[in-house]
Structure formats: structure tokens, C-alpha cells
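S.K.: Residue numbering for the first sequence follows the working numbering, beginning at 287 and increasing consecutively.
We put the CB at the ideal spot given by N, CA and C, even for glycine.
Once you've had a glance at the structure underneath, I'll fire off some questions.
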Amino acid sequence: MKFNLFATENGTKARAGILSTGHGQIETPIFMPVGTAGSVKGIHARDLKDDIQAQIILGNTYHLYLRPGTAVIEAAGGLHKFNRWDGPILTDSGGYQVFSLGDIRKLSEEGARFQSHIDGSYHLFTPENVIDIQRSIGADIVMAFDECTPGDADFDYAKKSLELTQRWLDRCFEQFERTQPKYGYPQSLFPIVQGNTFPALRKQAAIHVKTIEADGYAIGGLSVGEPEKVMYEMTEVVNAELPENKPRYLMGVGTPVNILESIDRGVDMFDCVMPTRNGRNGMLFTAEGIMNIRNKKWENDHSPIDENGNSFVDFYSKAYLRHLIISNEMLGAQIASQHNLAFYLWLVKTARQKITEGNFKSWKNDMVQQLNTRL
RNA sequence: UCCCUAGUAGCUCAGUUGGUUAGAGCGGCGGACUGUUAAUCCGUAGGUCGUAGGUUCAAGUCCUACCUGGGGAG
287 MKFNLFATEN GTKARAGILS TGHGQIETPI FMPVGTAGSV KGIHARDLKD
337 DIQAQIILGN TYHLYLRPGT AVIEAAGGLH KFNRWDGPIL TDSGGYQVFS
387 LGDIRKLSEE GARFQSHIDG SYHLFTPENV IDIQRSIGAD IVMAFDECTP
437 GDADFDYAKK SLELTQRWLD RCFEQFERTQ PKYGYPQSLF PIVQGNTFPA
487 LRKQAAIHVK TIEADGYAIG GLSVGEPEKV MYEMTEVVNA ELPENKPRYL
537 MGVGTPVNIL ESIDRGVDMF DCVMPTRNGR NGMLFTAEGI MNIRNKKWEN
587 DHSPIDENGN SFVDFYSKAY LRHLIISNEM LGAQIASQHN LAFYLWLVKT
637 ARQKITEGNF KSWKNDMVQQ LNTRL
């Protein structure tokens, strides 16, 4: 996997580049729509590509392993064949699920024992079998198995957890080296930097992941309850250590403002459920600000959802979308998700342009003001 | 005309042998959501308990009359 940086800008760490995968190129900075169970909820692959202009989407090891299971995905010929998305795919390892499953999992040196949220059955994830599962799913980028600690963890816990994540990373990489891709195109393994909210741990973690020659590096364990300011600080600490010539992926982030601020700090890749989940729940992101389409003020507003939007769904009216969302019509969730994703992709596309032109910083400062507006 | 039955929040209904400031679901209004256990979750505003009397320390609850809906008899 090749990563070519072609633009940086003075006064900011923002950079623009191109990442090449077995399923095509990805322009960075990029936002990656989340498709947990193999689908970006409510969105056709065709619309992802042609309308939203997504360049890479996510899948999830935990969810796909539980259902439909690796046997089905292998029989399909991998996830790309299964869900008919022929662009790049990244799979998360399930570390975050083990974290969010809370009381139905138990960690040990070996791995994470957990109960399925679907049927309560018991399973064990180890660094080794998580790599194996991701070989079967066939994502272009696969993630290391880590422990994601809560935002309020204390130093001792964060340190012990980080050390476990580091040992797991080494095991992931060994397993990755021992095995081969199954579908004729290469896969890349991204390590994940943990260390919670402690700069010393973050720095040490970043130095540790560099011992592994990877095609990209991820920052995990952020946007899990800590203040945004802390998230930015941790990003700065980690990016100061990570190699310049490899893509950096800030996992799970975030709001449009979070993304711009993190691009400013040298992050290249993002993913977040926010555009889809919040969209289903009636929140729309636009360049003019945030809108809760359920609010009564939109009841009789028959103007387009977003005058400047670039998805075909933006021609539907606010009043109609409000009606659909309030009526729990599935089309409402689809329109809101599609609008939000198109907006997120527009946002990072414009960021790339601005970086290339050398005026990202001033554009970002203006945008951040606008994006925080409640419409 | 008589008998039975029901009337409690915008809607559909709970409400114990009478016992604190009458509740729920849905709907309304508002909020949350960050590597998806989420078409989810949280908050909030709405009621002279059909009307008028009576019994009682105390009535949505018991008694009487009337009003309205439903059913039955003639």
C-alpha cells in the first residue's frame, strides 16, 4: 500500500495525500462511512459511490463474525463481493465492541471472552483469531486488536491496558505475517495507539507502534467521554511521533468540527457513526450549521433540505423530511443519512482542496464558526 | 319509556376493601447520540376525574339526580 503526500501548508499540520489500495485510490484527508454489519445503514453501494462519493467504507469484525459468520463471507468471495461495494474497505477489529459491551466481556492476557449481544453465546477473541477473521472478511485495511479504555480511566489502569494492547499488537502482527490474503489483493494492518488521556503513555505508545513497519497508524481510545480539548492534545502528542509518510487514522471521530480540527493537527482518516446514527435520529449537518429536523419550526418550511447540498436527496423539502422522520418512515432515515454522509464527504473534499491551495487554516477557522451554529 | 353499561391527559386506557401532590402507553414539544448492542435513549408539558348535589375525618372510587355514548327490552 502506497501513500503519497502531495501537499502541506505552513502554519498547520494539515496535509493532503493519496493512499493506494487493491480496490483503488483514496484521497486524504478522508471520511469513511461506517458499515458495521457490512452495510452503511440505509444506503445503497451505488449511492455511496456516485452520490455521496465515498472512497472507502468500514465493516466490523465483531458484527460480521457473529452474523453472518466468516463461512458465509468466504463463500461469497469476501466482503466486497458480498455487499457489492467494490471500493476499499477497512474493518475494525472488534476492540471497540469489547469495550462497549461492558459487563458481558472479560479480558485476559489471552484475549477477550465475551457474550454475543445477539444470542448470549460465549466467544473468545484473541489477537490471532481476530486477524484470521479479518483475512476471511478481506478488508483492504485491517485493524489490530486493542483494548479501548473509557475516557475517565486512571493512570494505572490506562498503563496496564496499554501494555496489554502493545503485547496484543505484537501478536497481531506475527499472525498477520504468518498468514496470507485470501482473495488475491493485498491487505494492510494498522496498529492502534492507546494511552488514554495521558501524554506520557500516548507518546510511549506512538513510539511502540513505530517498531512495526505498517502502512498506516491509528489513534484509538479517543472521543470516549474525555473533553474535546484533551482529545486534540492527545492527537498532537501522538502525531508528533508518528511517521510523516504514513497515513494517520483517528478512530471514531467525530463531529464536523472535530474532523477539521484534527485535520489541522495532521490526521488523514476518520470514521464515525454520527452522520448516519444522528441522521436517523433527525439531526442534519450542513455548512450553515446543525439542524434538528424534528423541530416544529420546520413544519411548514418547504425549501430544500440544503440549498448548497450536493446529494440528490437535498432537493426534498425540510417539511417533507420532518414529516418522514416524525412518522418513522424509513425513507426519512435514508434521506437524512445520505444527506449527512454527502456533507461529510464534501467537508473533507473541500479540506483537501484548501490544503492544496494553501488556505486551509483560514477556511477552517471560518467553517468552525458556522458549523457550531444551531439552525 | 324502562333496564344494563361506560364517561379519568390530545388519543387508548390503568387506578386495590374509599387513604399523600391521579398514572401508563401513544401523540405533542425539546434534548442526547463520536472505531453502531441504537429506525435508539432521555427529559418535559397537558387532567375543575361528564355535570350538580350528598355521605364521610377523607370521594376518581360510595349514594341520588341529570347529561352524553354504547347495548338490550318494549
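Pick out the complete alpha helix (DSSP H) segments inside the stretch 533-572, 4 residues or longer, and give them in chain order.
M.R.: For the stretch 533-572, whole alpha helix (DSSP H) runs of length 4 or above, ordered along the chain, are 542-550, 560-566.
S.K.: Count the CB pairs spanning the stretch 451-460 and the stretch 520-534 that are closer than 8 Å, and state whether there are at least three.
M.R.: Touching, no.
S.K.: Name the two residues that bound the continuous beta strand (DSSP E) containing Leu-393.
M.R.: Position 107 of the first sequence, counted from the first residue, corresponds to residue 393. Taken as a continuous stretch (DSSP letters only), the beta strand (DSSP E) holding Leu-393 covers 391-393.
S.K.: Starting from Val-634, follow the alpha helix (DSSP H) in both directions and report where the run begins and ends.
M.R.: As a working note, residue 634 is residue 348 in the first sequence. Looking at the DSSP string, the run of the alpha helix (DSSP H) that includes Val-634 is 616-643.
S.K.: Starting from the C-beta of Glu-414, find all residues in its chain whose C-beta is less than 7 Å away, skip the five residues before and the five after it, and write them out in chain order.
M.R.: As a first step, residue 414 must be located in the first sequence, where it is residue number 128. Once the five neighbours on either side are set aside, the close Cβ partners of Glu-414 are Arg-457, Gln-461.
S.K.: Starting from Phe-400, follow its DSSP beta bridges and name the residues at the other end.
M.R.: Counting from 1 along the first sequence, the entry for residue 400 is found at position 114. Answer by DSSP bridge pairing, in chain order: Arg-391, His-409.
S.K.: At 4 residues or longer, and completely inside the stretch 437-467: list those alpha helix (DSSP H) runs for me, N to C.
M.R.: DSSP runs (the alpha helix (DSSP H)) wholly in the stretch 437-467: 441-464.
S.K.: So, do the stretch 465-480 and the stretch 493-510 have three or more beta carbon pairs nearer to each other than 8 Å?
M.R.: With the cut-off at 8 Å, the stretch 465-480 and the stretch 493-510 touch.
S.K.: Using 8 Å for Cβ pairs, my map puts Thr-314 next to Met-287. What's the rounded Cβ distance?
M.R.: Sequence index remark: in the first sequence, residue 314 carries index 28 (1-based). Sequence index remark: in the first sequence, residue 287 carries index 1 (1-based). Not really, about 12 Å apart at Cβ, beyond 8 Å.
S.K.: What are the boundary residues of the alpha helix (DSSP H) that Tyr-348 is part of?
M.R.: Working through the first sequence from its first residue, we reach residue 348 at position 62. Its alpha helix (DSSP H) spans residues 347-352.
S.K.: According to DSSP, simplified to helix, strand and coil, what is Thr-659?
M.R.: Taking the first residue of the first sequence as 1, we reach residue 659 at position 373. DSSP places Thr-659 in coil when its eight states are reduced to three.
S.K.: Where does Val-358 land, buried or exposed, given buried means 16+ other C-beta within 10 angstroms?
M.R.: Here the question's residue 358 lines up with position 72 in the first sequence. Answer is exposed; the Cβ neighbour count stays below 16.
S.K.: Inspect the CB distances between the stretch 317-325 and the stretch 559-578 and report whether three or more fall short of 8 Å.
M.R.: The answer is yes - the stretch 559-578 touches the stretch 317-325, with three or more Cβ pairs under 8 Å.
S.K.: Helix, strand or coil for Lys-496? Go by DSSP, reduced to three states.
M.R.: One-based indexing of the first sequence puts residue 496 at position 210. DSSP places Lys-496 in coil when its eight states are reduced to three.
S.K.: Thinking C-beta only, is Leu-352 closer than 9 Å to Ile-404?
M.R.: As a working note, residue 404 is residue 118 in the first sequence. As a working note, residue 352 is residue 66 in the first sequence. Yes, Cβ-Cβ distance for Ile-404 and Leu-352 is below 9 Å.
S.K.: In the DSSP assignment, find the alpha helix (DSSP H) that holds Val-264 and state where it starts and stops.
M.R.: Nothing about residue 264 can be read from this structure; the chain reaches only from 287 to 661.
S.K.: When you compare each of Met-653, Gly-355, Thr-435, Ile-342 to Glu-547 by their alpha carbons, which one comes out closest?
M.R.: The residue you call residue 547 lines up with position 261 of the first sequence. Of Met-653, Gly-355, Thr-435, Ile-342, the residue nearest in Cα terms is Met-653.
S.K.: Quick check: the Cα distance between Met-429 and Asn-346, rounded to an integer number of angstroms?
M.R.: Looking up residue 429 in the first sequence gives position 143. Looking up residue 346 in the first sequence gives position 60. In a straight line, the C-alpha of Met-429 is about 10 Å away from that of Asn-346.
S.K.: In angstroms with no decimal places, state the Cα-to-Cα distance between Gln-624 and Leu-610.
M.R.: As a first step, residue 624 is located in the first sequence; it is residue number 338 there, counting from the start. As a first step, residue 610 is located in the first sequence; it is residue number 324 there, counting from the start. One C-alpha to the other measures close to 14 Å.
S.K.: I need the straight-line Cα distance from Ser-402 to Gly-644, nearest angstrom please.
M.R.: Stepping through the first sequence from its first residue, residue 402 is reached at position 116. Stepping through the first sequence from its first residue, residue 644 is reached at position 358. Distance between the alpha carbons of Ser-402 and Gly-644: 49 Å.
S.K.: Using the Cα positions of Tyr-278 and Trp-649, report the straight-line distance between them to the nearest angstrom.
M.R.: Residue 278 is absent from the model: the chain starts at 287 and stops at 661.
S.K.: Please state the DSSP three-state secondary structure of Val-479.
M.R.: Taking the first sequence and counting its residues from 1, the one referred to as residue 479 is at position 193. Strand.
S.K.: Roughly how many angstroms lie between the CA atoms of Asp-438 and Ala-500, to the nearest whole one?
M.R.: Translated into the one-based positions of the first sequence, residue 438 becomes position 152. Translated into the one-based positions of the first sequence, residue 500 becomes position 214. Their backbone Cα atoms lie some 30 Å apart in a straight line.
S.K.: Can you tell me which of Phe-289, Asn-290, Asn-296 puts its alpha carbon nearest to the alpha carbon of Lys-640?
M.R.: Working through the first sequence from its first residue, we reach residue 640 at position 354. The shortest C-alpha separation from Lys-640 is found at Asn-296.
S.K.: Short of 8 Å in beta carbon distance, which residues of its chain neighbour Leu-344, apart from the five on each side in sequence? Order them along the chain.
M.R.: Residue numbering aside, residue 344 sits at position 58 when the first sequence is read from its first letter. For Leu-344, where only same-chain residues beyond five positions count, the Cβ hits under 8 Å are Met-318, Pro-319, Val-320, Gly-321, Thr-322, Ile-375, Leu-376, Thr-377, Asp-378, Asp-557.
S.K.: Could you tell me whether the Cβ atoms of Glu-574 and Gln-656 are closer together than 9 Å?
M.R.: Counting from 1 along the first sequence, the entry for residue 574 is found at position 288. Counting from 1 along the first sequence, the entry for residue 656 is found at position 370. Yes.
S.K.: Run through DSSP, which three-state label would Gln-490 get?
M.R.: By one-based count along the first sequence, residue 490 stands at place 204. The answer is helix: DSSP assigns Gln-490 an H, G or I state.
S.K.: Could you name the residues of the same chain whose beta carbon sits closer than 7 Å to that of Leu-475, not counting the 5 residues immediately before and after it, in chain order?
M.R.: Locating residue 475 in the first sequence gives position 189, where the first residue counts as 1. So the list reads Val-428, Ala-430, Cys-458, Phe-459, Phe-462, Ala-500, once near-sequence residues are dropped.
S.K.: Taking DSSP as the reference, what is the three-state secondary structure of Pro-485?
M.R.: Your numbering for residue 485 matches position 199 in the first sequence. Pro-485: helix per DSSP, three-state reduction.
S.K.: Check each candidate in Gly-373, Leu-661, Pro-590 and name the one with the smallest Cα separation from Asn-578.
M.R.: Here residue 578 refers to the residue found at position 292 when the first sequence is read from its first residue. Asn-578 has its Cα closest to that of Leu-661, out of Gly-373, Leu-661, Pro-590.
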